[in-house]
Every structure is written in C-alpha cells, then in structure tokens.
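The structure appears right after this line, and notes come after that.
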Amino acid sequence: MIDAKVKQDVLAAVDGMGDELLDLVADTVRIPSVNPNYPGEVYDEVLGGESAVNEFLRPVMEDAGLTTDLWEEDKGRANLVGVYKGSGGGKSLIFNGHVDVVPPGPLEDWDHGGPWSGEIADGRIWGRGSCDMKGGNAGAIVALKAVLAAGYRPQGDVIIQDVVGEEMMNHEAGTTAAIKRGYKADGAIVVEPSEPPARLAIIPASPGLFYMVVTIKGKAVHASMRAELIRAGGLGDEVGVNSIDKAVLVYNALRQLEEEWGQTKSHPLYTRPGHFTLHPGVITGGPSGPFVISDESQIHYAVWYPPQADPEEIKAEVEAHIALHAQSDPWLRKHPPKVEWRLNWPAFDVDPKAPICRAVHAAYEAVLGAEPVYYGFAAVDDAAFLNLGGIPAVTIGPGDLRVAHAPNEFVDISELMDATKIYALSIVEWCGVK
Ligand SMILES: [Zn+2]
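According to my numbering, the stretch in the sequence shown is residues 1191 to 1624, in order.
If you want it as structure tokens, here you go:
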C-alpha cells in the first residue's frame, strides 16, 4: 500500500514536470538513431545516431543525480547507464529502454513535419521513436527526478539503462552488455510501448521468436522442358525439377501446422485466438529468371512460439512436420528440405503474482484507480535478456505497437504522463523511500 501523502507529493511533482518531460521526448526524437544493422540501411551512414541520443541524455541524467557510464561494446554505439545510489535497505530497480529506432520509410508518408520533427500537437508527440520508445525512456528519468523533487530518497538503487541495438536483437551490444558490465538489480521494468490490447497493459510474458530458413533444392534445365516436368507421362525428375513447385509443398505443410498451432499452442496471458504462428516473410526462387527451371528456393519464416515452450522441442516439431510431408513427394523424399535456425529471440514468462508485477500493479492502481490489464506481449523485447540474466523483468510503457514502426508514429501525452507516474510510484513501492 502506497502511503497517501507520498503518493500525493510524487504525483504532484510529476504534474509539475510535464513540460520538461515533453521537451525531453521531443528533443530525443529530433536525434535520428536508426539501428545501423537494419535491413536496407548503409551501416556507416547511420552509425552514430544511437550514441548521439545517449550523449544528449548523459547530462540530463547527471543533473537528475545519477552517476553515469557511457561506453561502447560495439564501436560507435554507446550505451548509457545511470545509477542513483539508494540510501540503503530497499530493493534495487532497473528501468530499461532502447535508443535505436527503425528507419522512417518513405518521407512523403509523414505529416507533422516529417519523422524527426518531434512536433507536439493534438495531444501527441509525433515522430519516429516517439512511441518506440523515447517516450518511455524520458518517462523513467523524469519519474526518478519527480520522486527526488518531492523530497523523497529511494532506499534501493535506481538504475536507468538506455541501450543500443534492440530493434535488430543486438542485445550483446546493448542490454546483455549492460548486465555483463554489472548493472543488475532485484527487478526491472522495460519501458516499451505495451498496448495492445489495453492502454498501459502490464506485460509479464512474451513469445519466443525464431528466424528459420528452409532451403528446397530443384534441378535446373531449359524452361521449355516445363511440360516434361509436370504432365502425366512426361520424363519428370529425370529432366528437371522446379524448386518453386516443391517450395509450395513446404509452404502448404507449414501453413497446415500453423492452423494446428491455433488449436494446440496457448498460454493463459494470450486470450486472442491463436497468437503463435509460422509467418513466411520471404520466398525466393531462381535466381536466373523465367527461362531456366529454378534449382533452389528458400522460404524465410518468423516462428512465434509460446513463452512456456522448450525452443528445442519447437525446432524438433517443425523439422519433423517438414520431414513427414517431404515423404509424400518422390523428389523431396530423396532431396529433403534443409532447415536452418538463424536466430532465437528467447521468450520470457514471469508469474503475474511475482513481486515485480505486484509492485507495478500497486503503482498502476494508485495512479489510475483501476485494475491493470495483464497480457502477453505480441512482439519480443529486451525483458527476455534481463530475465535470462536473473533479473525478474516486466514490460509496461506508453505507446501502441499499432503505430510503432509506421509513418506518423506518435505517443499520446496523457498516456506518457500516466506512465511516468506509474514509474515514479513503482520506485516508491519497490525501492522504498525515506
Ligand atoms: Zn521497441
């Protein structure tokens, strides 16, 4: 139970810092910080934006009373961690957010002065990164400032991590690097946008995510032989095999598995139908054009699996399903599709009754006078790596994933204020104050 006087003082302090909060979001949105590893970007051309944001934030953190550490794990990509030393006897708390953003896409799709304007209008702050997630990052800093300005000192340490690389799972350069550098705590809040399904939902779980590539071999020959390949009584595989035709068999097999997953894969925090899917994002053939029978195809999948699932079992299940269907085709039986697992973004699965969830729950109720909604994250985030590092971590933050990564991204100002208040009272509830 949060003390009524403390609550009143802290919330009033946040209300008094609204302009500062908005400026901080707008100022950081105006610093383009596209992840240099993002597909389609020229690494050296966009490198340095992440560092520029953190160089800007460093004095802001110092002014707030944090001791800062700005360092590069990957050259040209500086992380920033600020530590506010507690007075002792309380639990420590990490706020984690990423400073990289995805590319803006076609500039003509943007209103409000373009992707880097940071325009404040219509009750929103506009621009790439406003929602995902410079709003949350600014909120964490202002939350701590508000607690201090109200005259309270946290008993546990408050650690604010502004890391690089999240948008391309460069966690070794960002969040995991911060943990390895020793920035750990008794609990963590990742300040990613946590809607949908509900404004400022508490997210104790996310799916795991594989990047899977299936390669299907064919046999090249002049395209004029097509009829021999496909007509009954033709010479068939002796002459050639179109890898695209065979890839369609694999596609259909995995589409069928995806339908099964809609029935068989579930988790109590995912109440929308069948969240766990096998998404084909790229399909290739050729590469020599339509006058040669294609001799190799690939299908690139995002495989979203349930938080509680064993990743090795998911792999085995998908591979067995492909192998089973390959048996029903004479060519694929002899030339089985090759499955390659390129990366795995691990899931996280924190009990909604865990202490970190209860603390955020209490803060939410104190700010909004209602019960929070708990939900599994649609996407993945760095809470997975904090949890893997032994730090119980949940996600809650201002913004809606349905406007993230899109033109005319924005964060709603009233939601940003409420999130900041929830962060401030989470410090009170989790760290204790004196
Ligand atoms: Zn994000």
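Note that beta-carbon positions come from the ideal geometry of N, C-alpha and C, so glycine has one too.
(message) Less than 7 angstroms between C-beta atoms, sequence neighbours within five positions excluded: which residues of the same chain meet that for Arg1248?
(response) Taking C-beta separations shorter than 7 angstroms and ignoring five residues to either side along the sequence, the partners of Arg1248 in its chain run Thr1258, Leu1260 and Leu1270, following chain order.
(request) Verify the contact flag: Glu1189, CB atom, against every heavy atom of ligand 1, threshold strictly below 6 angstroms. (result) Nothing about residue 1189 can be reported from this structure: the residues present for the chain run from 1191 to 1624 only.
(message) Nearer than 6 angstroms: is that true of the beta carbon of Asp1299 relative to any heavy atom of ligand 1?
(response) Not so, every heavy atom of ligand 1 lies at least 6 angstroms from the Cβ.
(request) Could you tell me whether the stretch 1362-1370 touches the stretch 1346-1354, where touching means 3 or more Cβ pairs closer than 8 angstroms? (result) As far as the Cβ criterion goes, the stretch 1362-1370 touches the stretch 1346-1354, which means the pair count is three or higher.
(request) On the DSSP bridge assignment, give the partners of Val1529 in chain order. (result) DSSP lists Val1404 as partners of Val1529.
(request) Kindly give me the distance between the Cβ atoms of Tyr1274 and Leu1201, rounded to whole angstroms, as I take these residues to be in contact under 8 angstroms. (result) The distance from the Cβ of Tyr1274 to that of Leu1201 is about 20 angstroms, inconsistent with a contact at the 8 angstroms cut-off.
(request) Using beta-carbon positions only, say whether Arg1220 and Gly1308 come within less than 7 angstroms of one another. (result) Yes, the pair counts as a contact, with Cβ atoms nearer than the cut-off.
(request) Flag Met1323 as yes when its Cβ comes closer than 6 angstroms to any non-hydrogen atom of ligand 1, and as no otherwise. (result) Yes - ligand 1 has a heavy atom lying nearer than 6 angstroms to the Cβ of Met1323.
(request) Compare the Cα-Cα distances from Ile1612 to each of Gly1239, Val1243 and Val1332 and report the closest residue. (result) When only C-alpha atoms are compared, the closest one is Val1332.
(message) Suppose you measure from the CA of Trp1306 to the CA of Leu1297; what does that come to, to the nearest Å?
(response) Put simply, the backbone Cα of Trp1306 is about 10 angstroms away from that of Leu1297.
(message) Please state whether the Cβ-Cβ distance between Val1584 and Val1540 is less than 7 angstroms.
(response) Taking 7 angstroms as the Cβ cut-off, Val1584 and Val1540 qualify as a contacting pair.
(message) For Lys1505, which residues in the same chain have their Cβ closer than 7 angstroms to its Cβ, ignoring the five residues on either side in sequence?
(response) Excluding sequence neighbours, Lys1505 sits near Trp1531.
(request) Grab me the residues of Leu1459's own chain with a C-beta within less than 7 angstroms of its C-beta, minus the 5 sequence neighbours each way, in chain order. (result) These residues qualify, in order along the chain: Pro1394, Ala1395, Tyr1564, Tyr1565 and Gly1566.
(request) Tell me, please, whether the stretch 1404-1420 touches the stretch 1482-1491 by the rule of three or more beta-carbon pairs shorter than 8 angstroms. (result) Contact between the stretch 1404-1420 and the stretch 1482-1491 is present: three or more C-beta pairs spanning the two stretches fall below 8 angstroms.
(request) Verify whether the separation of the beta carbon atoms of Ala1556 and Lys1195 is less than 7 angstroms. (result) No, Cβ-Cβ distance for Ala1556 and Lys1195 is not below 7 angstroms.
(message) Between which two residues does the alpha helix (DSSP H) holding Gly1476 run?
(response) From DSSP, Gly1476 is part of no alpha helix (DSSP H); its letter is neither H nor E.
(request) List the endpoints of the continuous beta strand (DSSP E) containing Ile1379. (result) Ile1379 -> beta strand (DSSP E) spans Gly1377 to Val1380.
(message) I believe Ala1330 touches Val1381 by the beta-carbon criterion, under 8 angstroms. Please report the beta-carbon distance rounded to the nearest angstrom.
(response) Beta-carbon to beta-carbon, Ala1330 and Val1381 are separated by about 5 angstroms, close enough to satisfy the 8 angstroms threshold.
(message) So, under 8 angstroms CB-CB, Met1358 and Asn1225 are touching, yes? Tell me the CB distance rounded to an integer number of Å.
(response) Yes, they are in contact, since the Cβ atoms of Met1358 and Asn1225 sit about 5 angstroms apart, within 8 angstroms.
(request) Mind checking which residues open and close the beta strand (DSSP E) that includes Phe1600? (result) It spans Phe1600 to Asp1602 - the beta strand (DSSP E) in which Phe1600 sits, taken as one unbroken run.
(message) Using a Cβ-based criterion (distance less than 6 angstroms to any ligand heavy atom), does Val1540 qualify as near ligand 3?
(response) The model on display carries ligand 1 but not ligand 3.
(message) Please state whether the Cβ-Cβ distance between Val1601 and Pro1588 is less than 7 angstroms.
(response) When the beta-carbon positions are compared, Val1601 and Pro1588 come within less than 7 angstroms of each other.
(message) Restricting to Cα atoms, I'd like to know which of Ile1310, Tyr1554 and Gly1230 is closest to Asp1209.
(response) The shortest C-alpha separation from Asp1209 is found at Ile1310.
(request) Check Ala1311 in the structure and name its three-state DSSP category. (result) Looking at Ala1311 - three-state DSSP - the assignment turns out to be strand.
(message) Is the beta carbon of Asp1590 closer than 7 angstroms to that of Pro1383?
(response) It is a contact, given that the beta carbons lie within the stated cut-off.
(message) Val1337 and Ala1614 - do their beta-carbons sit closer together than 7 angstroms?
(response) Closer than 7 angstroms, so yes.
(request) Report yes or no: do the stretch 1469-1479 and the stretch 1489-1505 share at least 3 C-beta pairs separated by less than 8 angstroms? (result) With three or more CB-CB distances shorter than 8 angstroms, the stretch 1469-1479 counts as touching the stretch 1489-1505.
(request) Starting from Glu1231, trace the beta strand (DSSP E) both ways and give me its first and last residue. (result) Neither: Glu1231 is in no beta strand (DSSP E) and is coded neither H nor E.
(request) Kindly list the residues whose CB is nearer than 7 angstroms to the CB of Leu1558, restricted to its own chain and excluding five residues on each side of it in sequence; keep chain order. (result) Within the same chain, Leu1558 has close Cβ partners Asp1608.
(message) With DSSP as the reference, identify every bridge partner of Tyr1564, one or two as the case may be.
(response) Answer is Ile1392.
(message) If we require 4 or more residues per run, which alpha helix (DSSP H) segments fall completely within the stretch 1424-1488?
(response) Within the stretch 1424-1488, the complete alpha helix (DSSP H) runs of at least 4 residues are 1433-1454.
(message) Between Ile1473 and chain D, is the shortest Cβ-Cβ distance under 7 angstroms, so that the two count as touching?
(response) Judged by its chain identifiers, the structure shown contains no chain D, having just a single protein chain.
(message) Let's see if you can read the secondary structure: which residues bound the beta strand (DSSP E) around Ala1549?
(response) Counting along the chain, no beta strand (DSSP E) covers Ala1549; the unbroken alpha helix (DSSP H) around it starts and ends at Pro1545 to Leu1558.
(request) With DSSP as the reference, label Gly1398 as helix, strand or coil. (result) It is a strand residue.
(message) Whole angstroms are fine: how far does the CA of Lys1281 sit from the CA of Arg1389?
(response) Going by the C-alpha atoms only, they are around 27 angstroms apart.
(request) Please work out which residues of its chain come closer than 6 angstroms, Cβ to Cβ, to Pro1222, disregarding the five sequence neighbours upstream and downstream, and give them in chain order. (result) Closer than 6 angstroms at Cβ, skipping near neighbours: Gly1239 and Trp1306.
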